[in-house]
Amino acid sequence: SSSEHWTNTTLPEQALWNGIQSYQRHPNLPVLTFTNNKSGVGLGDPVTLAEIGRRFVPRHTDVHIVTYPKAGTSWIQEVVWLVNHDADISTSDAVPS
């Protein structure tokens with residue numbers, strides 16, 4: 139998915155986020171991302187997402203944790219780690235996260 143297929147989108151709620159004037163929307167995937175207006179590159183900008191898509195090789199052990207911002211992402215990561223390690227709390231306490 140190259141960057142030329144993305145469209146610039148302004149959401150009705152956009153006035154709530156002064157730092158992000160608009161988003162980039164993918165035409166076929168449920169992906170909405172943004173770029174930094176000064177550099178044109180940002181967190182998940184279309185060019186970076188296309189490069190990740192090109193290079194990414196999934197493994198059967200991959201776990202994707204997807205949350206909304208400020209919705210307990212760190213807590214969910216810890217819970218997922220514990221589930222995948224048979225609730226080994228002593229190792230969890232010893233291993234930095």
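For the sequence shown, the positions run 139 to 235 when the working numbering is used.
The C-beta atom is built at its ideal place from N, Cα and C for all residues, glycine as well.
In this text the structure is predicted, and so the values were computed from the model without any measurement.
Got a sec: is the Cβ-Cβ distance from Gln-215 to anything in chain D below 8 Å? Looking for chain D here will not work: only one protein chain is present.
Determine the extent of the beta strand (DSSP E) in which Arg-193 is found, giving its start and end residues. Premise fails: Arg-193 lies in the alpha helix (DSSP H), 184-193, not in any beta strand (DSSP E).
Reducing DSSP to helix, strand and coil, say where Asn-222 ends up. helix
Starting from Thr-229, trace the beta strand (DSSP E) both ways and give me its first and last residue. Unbroken run through Thr-229 is the alpha helix (DSSP H), 227-232; no beta strand (DSSP E).
Simplified DSSP assignment, three categories, for Thr-211: helix
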